[in-house]
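Here the structure is laid out as structure tokens; the discussion comes afterwards.
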Amino acid sequence: AMESGSARLPITDWHAYEDELRSRLGVNQKLMNRITSRARSAPKRVVYPEADNYKILKAAQIVHDEGIAVPILLGNREKIEQIARQNSLDLEGCEIIDILQDEAKRNEYAEVLFRKRQRKGITLYEGKRLMRERNYFGAVMLDTGEADCYITGLTKDYGRSILPALQIIGVEDGVQRAAGMYIVLHKKGPFFFSDTTVNIDPTAEQLVDIIGLTARAVRFFDTEPRIAVLSYSNFGSNVGELPDKMRRATELAKRRFPDLILDGEMQANTALSPQLLREHYPFSVLAEKGANTLIFPGLTSGNIAYKVLQEIGGAEVIGPVLMGMRKPVHILQLGATVRDIVNMTAIAVVDAQTYNQPL
Ligand code: ACO
2 AMESGSARLP ITDWHAYEDE LRSRLGVNQK LMNRITSRAR SAPKRVVYPE
52 ADNYKILKAA QIVHDEGIAV PILLGNREKI EQIARQNSLD LEGCEIIDIL
102 QDEAKRNEYA EVLFRKRQRK GITLYEGKRL MRERNYFGAV MLDTGEADCY
152 ITGLTKDYGR SILPALQIIG VEDGVQRAAG MYIVLHKKGP FFFSDTTVNI
202 DPTAEQLVDI IGLTARAVRF FDTEPRIAVL SYSNFGSNVG ELPDKMRRAT
252 ELAKRRFPDL ILDGEMQANT ALSPQLLREH YPFSVLAEKG ANTLIFPGLT
302 SGNIAYKVLQ EIGGAEVIGP VLMGMRKPVH ILQLGATVRD IVNMTAIAVV
352 DAQTYNQPL
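Mapping the sequence shown onto this note's numbering, position 183 (from 1) lands on 184, and the numbers just tick up by one.
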């Protein structure tokens with residue numbers, strides 16, 4: 002059926018429908034296209050612990066067919082094959098590991114976990130129990146190098162999904178806190194929001210880490226970061242715990258990363274309006290072009306800001322890109338789309354190609 006001039010896709014193909022809707026927004030796809038072609042140049046093995054799920058399997062088929070990644074699927078083999086049959090998916094070339102059927106491997110991985118966590122209250126017995134959980138099993142695969150990247154989080158809340166990776170993979174050298182970034186693709190250009198997913202109330206010192214990780218991640222997307230450290234005040238216009246924290250984070254970050262285009266503390270509209278900056282704050286390094294990278298004071302503001310834009314702002318968001326982990330781990334937003342999973346896979350693969358460039 003036709004409606005107001007636009008062809009409607011059958012509702013059974015709602016993923017394609019959703020993609021179609023998004024492409025009508027006219028957002029810039031170049032950034033993801035570049036990442037996807039880089040991923041194709043050297044595909045990596047990606048383990049998906051939540052493979053008994055249509056969206057993961059569809060994404061696995063796509064990344065395999067497009068030569069972006071070599072999927073490793075964790076889950077009940079019969080269930081996976083059934084979902085594939087029902088949806089005419091071809092999982093040729095995807096390795097399926099039914100972890101409950103592989104006691105030898107689980108025991109081997111339980112030893113790995115025990116060695117890592119024996120002084121953190123984990124017994125070998127507990128380790129064996131945890132290896133029946135696919136997020137733990139997958140994280141050990143990444144740790145031992147049997148997979149190059151790890152993507153989970155579709156079916157569980159973020160906190161529970163990230164924990165096995167924090168315990169088994171942990172952060173890279175020189176980093177205290179992992180953090181999550183979202184790319185907001187908008188007509189006005191790409192914007193980068195951080196931390197939108199991990200640290201609930203970071204200290205000024207932790208924010209410095211987050212700023213460094215974010216700057217590197219923005220460069221990863223071929224963009225020069227212009228960073229605004231956000232608050233509800235502009236350059237000391239308010240005193241209070243939060244503006245003070247953001248002011249201090251700005252000072253510390255300027256000292257640690259003297260080459261960054263960075264300023265704060267400031268309000269979001271100030272950050273995004275070069276005109277306003279030039280008129281009232283001409284002393285700021287951001288006055289020339291405004292900011293493209295926003296550092297939020299905490300998870301509440303960061304998470305809410307990107308979700309509002311995603312739903313009503315005419316923006317496509319890509320992420321969350323998890324930064325600061327020792328190996329490529331990405332935690333999907335609960336209920337992510339097939340397209341989100343494919344995007345995160347391409348990012349994880351490129352991540353694995355170039356891992357651990359210094360901050
Ligand atoms: N970076 C690195 N490591 C961390 C971090 C971090 N940000 N936070 C905790 N850890 C480590 C700890 O050091 C600890 O390691 P250890 O066991 O080796 O000593 C381990 O992780 C567990 O630490 P806990 O203190 O037990 O965990 P905590 O209760 O702090 O939980 C968590 C960590 C799950 C990340 C928590 O901070 C959280 O829930 N954050 C919010 C997640 C969330 O709800 N996000 C919003 C939704 S996301 C979205 O919308 C897409």
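Virtual Cβ for every residue (Gly too), placed ideally from N, Cα, C.
Keep in mind it's a predicted model, so treat the numbers as computed, not measured.
- Rounded to the nearest whole angstrom, the CA to CA distance from ALA347 to VAL330 is 12 Å.
- In this structure, VAL172 lies away from ALA166, with their beta-carbon atoms at least 8 Å apart.
- Inclusion of LEU114 and VAL48 in the CB contact set at 8 Å is not warranted, their separation being larger than that value.
- Contact annotation, LEU300 with ASP196: C-beta distance approximately 7 Å; criterion of less than 8 Å satisfied.
- By DSSP's assignment, LEU231 forms a beta bridge with MET267.
- The region 274-291 and the region 175-193 do not touch, with fewer than three beta-carbon pairs separated by less than 8 Å.
- About 6 Å separates the beta carbon of LEU231 from that of ILE296, a gap short enough to meet the 8 Å contact definition.
- When beta bridges are read from the DSSP output, MET182 appears opposite SER195 and VAL322.
- Between LYS246 and PRO298, the C-beta spacing is below 8 Å.
- Going by C-alpha positions, ARG217 is about 15 Å away from ALA349.
- Here the alpha carbons of ASN235 and GLY291 stand approximately 14 Å from one another.
- Our two residues, ILE69 and ARG130, have alpha carbons roughly 33 Å apart in a direct line.
- For THR153, the enclosing beta strand (DSSP E) covers residues 150-153.
- Taking the C-beta atoms as reference points, LYS59 is found nearer than 8 Å to LEU90.
- Membership of PRO244 in the alpha helix (DSSP H) is indicated by the continuous run 242-257.
- Around the beta carbon of ASN88, a 10 Å sphere encloses fewer than 16 other beta carbons of the protein chains shown; the residue is thus reported as exposed.
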